[in-house]
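S.K.: The structure is given below, and queries will be raised subsequently.
2 protein chains.
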Amino acid sequence: MEEKQKTFKPLDPLLHSELRLAVMSILIGVDEADFVYIKSQTGATAGNLSVQIDKLSAAWYIEVEKTFRGKKTCTICRITDKGRNAFAEYVETLKQYLQIPKG
Amino acid sequence: MEEKQKTFKPLDPLLHSELRLAVMSILIGVDEADFVYIKSQTGATAGNLSVQIDKLSAAWYIEVEKTFRGKKTCTICRITDKGRNAFAEYVETLKQYLQIPKG
DNA sequence: ATAATTTGGTTTATAACATAAACCGCTTTA
DNA sequence: TAAAGCGGTTTATGTTATAAACCAAATTAT
Numbered sequence: 001m002e003e004k005q006k007t008f009k010p011l012d013p014l015l016h017s018e019l020r021l022a023v024m025s026i027l028i029g030v031d032e033a034d035f036v037y038i039k040s041q042t043g044a045t046a047g048n049l050s051v052q053i054d055k056l057s058a059a060w061y062i063e064v065e066k067t068f069r070g071k072k073t074c075t076i077c078r079i080t081d082k083g084r085n086a087f088a089e090y091v092e093t094l095k096q097y098l099q100i101p102k103g
Numbered sequence: 104m105e106e107k108q109k110t111f112k113p114l115d116p117l118l119h120s121e122l123r124l125a126v127m128s129i130l131i132g133v134d135e136a137d138f139v140y141i142k143s144q145t146g147a148t149a150g151n152l153s154v155q156i157d158k159l160s161a162a163w164y165i166e167v168e169k170t171f172r173g174k175k176t177c178t179i180c181r182i183t184d185k186g187r188n189a190f191a192e193y194v195e196t197l198k199q200y201l202q203i204p205k206g
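Below, the structure is given as structure tokens:
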């Protein structure tokens, strides 16, 4: 009978990270974006970005394609349906914490 | 001449924490709340809550008053103006990440 | 040619953080 | 008066974020 009175839904820990959230925020608005572009938009270091992209990719929130632009390697990222849904749910959950009405 | 193109404002690390944010979210809506109430609303363990309240208090985002309710100790928390401002700014900053229009 | 620099990343070492477990003093109950 | 419960705090540990170090390929300078 332990009524826990849980008012706050837990926040998806994969998205509750400044850099990963910024990456998702970028990807949700475009068809695709490459590593260099994301790096410039977020101001992140390459190492940090590499790690965080790996994590999002391991969870299938994004998919990563390695190709070439001319002779240079190019890492292209796209958000997946799973990622889109997770992002949307994260936003709704967070609204509760931020006192923003749902919708 | 290194144009960094910083699109994303940094998120206040003190507020970008699930439990601390929940605590602030509670306190912003009430005059005051005690430890036991906050614990029940958040579902946090006492240890975790104690630590996070200390951090918010050390930054003067909240103020903590230790009194008695009858013979039992009672830890009362209130948000400060500094905390209120920090929370408001955090919300506005986060809206950018979440693609929610300002306001 | 080849040495030095830059580009586009990955790997790894470390610092910061969140969390639970263990603990403590006081109070209530058995 | 022993045992259990309440209201917390302290500390130990696992997780996470982050930067530093590194690497291969490409470009630029000598």
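The listed protein sequences derive, respectively, from chains A and B.
The C-terminal position of the first sequence is numbered 103 in this note's numbering, with every residue numbered one higher than the one before it.
The C-terminal position of the second sequence is numbered 206 in this note's numbering, with every residue numbered one higher than the one before it.
Even glycine gets a Cβ: it sits at the ideal position worked out from N, Cα and C.
Rounded to a whole number of angstroms, what is the C-alpha to C-alpha distance between Arg69 (chain A) and Glu192 (chain B)?
M.R.: Approximately 40 Å between the Cα atoms of the pair.
S.K.: Kindly indicate the opening and closing residues of the beta strand (DSSP E) around Glu65 (chain A).
M.R.: From DSSP, the beta strand (DSSP E) with Glu65 (chain A) extends over Ile62 to Arg69.
S.K.: Quick check on Tyr97 (chain A): buried or exposed, where buried means 16 or more other Cβ atoms within 10 Å of its Cβ?
M.R.: By the 10 Å Cβ count, Tyr97 (chain A) comes out buried.
S.K.: For the candidate residues A:Arg84, A:Asn85 and A:Glu63, whose alpha-carbon lies nearest to that of Thr75 (chain A)?
M.R.: Ranking A:Arg84, A:Asn85 and A:Glu63 by Cα distance to Thr75 (chain A) puts A:Glu63 first.
S.K.: Which term fits Val126 (chain B), buried or exposed, when burial requires 16 or more other beta carbons within 10 angstroms of its beta carbon?
M.R.: By the neighbour-count rule (16 or more Cβ atoms within 10 Å), Val126 (chain B) is buried.
S.K.: Any chance the segment 124-139 of chain B sits against the segment 31-41 of chain A, with 3 or more Cβ pairs inside 8 Å?
M.R.: Because the criterion of three Cβ pairs below 8 Å is not met, the segment 124-139 of chain B and the segment 31-41 of chain A do not touch.
S.K.: Name, in chain order, the residues that DSSP records as bridge partners for Ala136 (chain B).
M.R.: According to DSSP, which records beta bridges pairwise, Ala136 (chain B) is partnered with B:Cys180.
S.K.: Buried or exposed for Val154 (chain B), please, with buried defined as at least 16 other CB atoms from any protein chain shown within 10 angstroms of its CB.
M.R.: Flag for Val154 (chain B) reads exposed.
S.K.: For the putative contact between Phe8 (chain A) and Thr148 (chain B), defined by C-beta atoms under 8 Å, what is the C-beta separation to the nearest angstrom?
M.R.: Actually they are not in contact, since the Cβ atoms of Phe8 (chain A) and Thr148 (chain B) sit about 14 Å apart, beyond 8 Å.
S.K.: Apply the 10 Å Cβ neighbour rule to Phe190 (chain B) and answer buried if 16 or more other Cβ atoms are within range, or exposed otherwise.
M.R.: Buried.
S.K.: So, at 8 Å on beta carbons, what are the nonlocal neighbours of Asp31 (chain A) in its own chain, with the 5 sequence-adjacent residues on each side left out?
M.R.: Around Asp31 (chain A): Arg78.
S.K.: How big is the Cα-Cα spacing for Met104 (chain B) and Ile26 (chain A)?
M.R.: Annotation note: pLDDT 29 at Met104 (chain B) (below 50); position unreliable, no value reported.
S.K.: Using Cβ-Cβ distances below 8 Å, what residues of the segment 34-46 of chain A are close to chain B?
M.R.: Residues passing the 8 Å Cβ filter: Ser40, Gln41, Thr42 and Gly43.
S.K.: With DSSP collapsed to three states, give me the class of Lys175 (chain B).
M.R.: Three-state result, Lys175 (chain B): strand.
S.K.: Please tell me whether Tyr61 (chain A) and Lys82 (chain A) are closer than 8 Å, where the distance is taken between their beta carbons.
M.R.: Going by C-beta atoms, Tyr61 (chain A) is nearer than 8 Å to Lys82 (chain A).
S.K.: Compute the beta-carbon to beta-carbon distance between Glu92 (chain A) and His119 (chain B), rounded to the nearest angstrom, for a pair I have assumed lies under 8 Å.
M.R.: Not really, about 18 Å apart at Cβ, beyond 8 Å.
S.K.: Return yes when the Cβ of Gln99 (chain A) is within less than 8 Å of the Cβ of Ile131 (chain B), no when it is not.
M.R.: Cβ atoms of Ile131 (chain B) and Gln99 (chain A): closer than 8 Å.
S.K.: Name, please, each residue of chain A whose Cβ falls closer than 9 Å to the Cβ of Ser153 (chain B).
M.R.: By Cβ distance, chain A contributes nothing, its closest Cβ being about 18 Å from Ser153 (chain B), past 9 Å.
S.K.: Closest by CA to Asn85 (chain A), which one among A:Ala59, A:Pro101, A:Glu65 and A:Thr67?
M.R.: Answer by Cα proximity: A:Ala59.
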